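Engineer: There's a structure below that I have some questions on.
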Amino acid sequence: MEEPYTSDDPETRLALFDFAFENAPIGIALVDTEGRIIRGNTAFAKLLSVPVEKVLGSHFRDFTHPDDIEADVILFEQVLRGARDGYTIEKRYLRPDGEIVHVLIHVAAMRNAEGEVVRVISQIEDVTRHKEHERQLTERAAQLELALEAIRGGFWQMDIISGKFETSDRLAQYIGGPTAARLDLERYL
């Protein structure tokens, strides 16, 4: 008895592809060689905040942030010329309401039997939250650096796991004079 979904016939393969395409938790888009969307899944349309029908026929430039178009077009054209099979790029989408969505896109060429690119498949992941967390961490690090610089006598820090101890330049100079280098634990003690 043959297992369902294990047959290698084209009809089963197409059904599996359709199921995976439509139910993927990330955006997926099939793009023609002109850069127009010929098929997009629900997750992709949701990412753009437009109905699926409105996505079809649009060019990827239509929703790509203007500052990110050039890099994407260069890579897309390299795929079409056969210089690469695909690429990954981080860029921004603009929703109709002007909201910016940060995305990570994985693009792969789909070729015919002669090896010519006939369409491109893109997998699109929303990384907006990651970018916001990254921005917050950078902001906090800058605030911490400013606070530490404001400490008149300087500071020391110790990584408990590695046992690495280090003073700030200011504390080393406070202890050893204007030309003193940072102190390790032994020199500090």
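Going by this note's numbering, the sequence shown runs without a break in its numbering and finishes at 1565. Note that the Cβ used here is the ideal one computed from N, Cα and C, for glycine as well. What you are looking at is a predicted structure, and each value in this text was computed from that prediction instead of being measured.
(1) Taking 8 Å as the cut-off, does the region 1467 to 1480 touch the region 1495 to 1505 (at least 3 CB pairs, one atom from each stretch)?
(2) Should S1538 be labelled buried (16 or more other beta-carbon atoms within 10 Å of its own) or exposed?
(3) Cβ atoms of A1405 and F1393: under 9 Å apart, would you say?
(4) Straight-line CA distance for L1559 to K1467?
(5) How many Å lie between T1409 and L1423 at the Cα?
(6) Within 10 Å of its beta-carbon, does D1448 have 16 or more other beta-carbons around it, so buried, or fewer, so exposed?
(7) What did DSSP end up calling D1438 once you bin it into helix, strand or coil?
(8) Between which two residues does the beta strand (DSSP E) containing I1497 stretch?
(9) Between which residues of its own chain and F1439 is the CB-CB distance below 7 Å, once the five residues before and five after are set aside?
(10) Applying the 10 Å Cβ sphere with the 16-neighbour rule, what's the burial state of N1417?
Structural biologist: Working from what's here:
(1) Because the criterion of three Cβ pairs below 8 Å is met, the region 1495 to 1505 and the region 1467 to 1480 touch.
(2) Result: exposed.
(3) Their beta carbons are not under 9 Å apart, which means F1393 does not touch A1405 by this criterion.
(4) Cα-Cα distance, rounded: 43 Å.
(5) Distance between the alpha carbons of T1409 and L1423 is about 22 Å.
(6) Flag for D1448 reads buried.
(7) Secondary structure of D1438 (DSSP, three-state): helix.
(8) It spans 1493 to 1502 - the beta strand (DSSP E) in which I1497 sits, taken as one unbroken run.
(9) Non-local beta-carbon contacts of F1439 in its own chain, meaning distances under 7 Å to residues more than five positions away in sequence, involve L1424, Y1469, L1470 in chain order.
(10) In the assembly as shown, N1417 is a buried residue. Its beta-carbon has 16 or more other beta-carbons within 10 Å.
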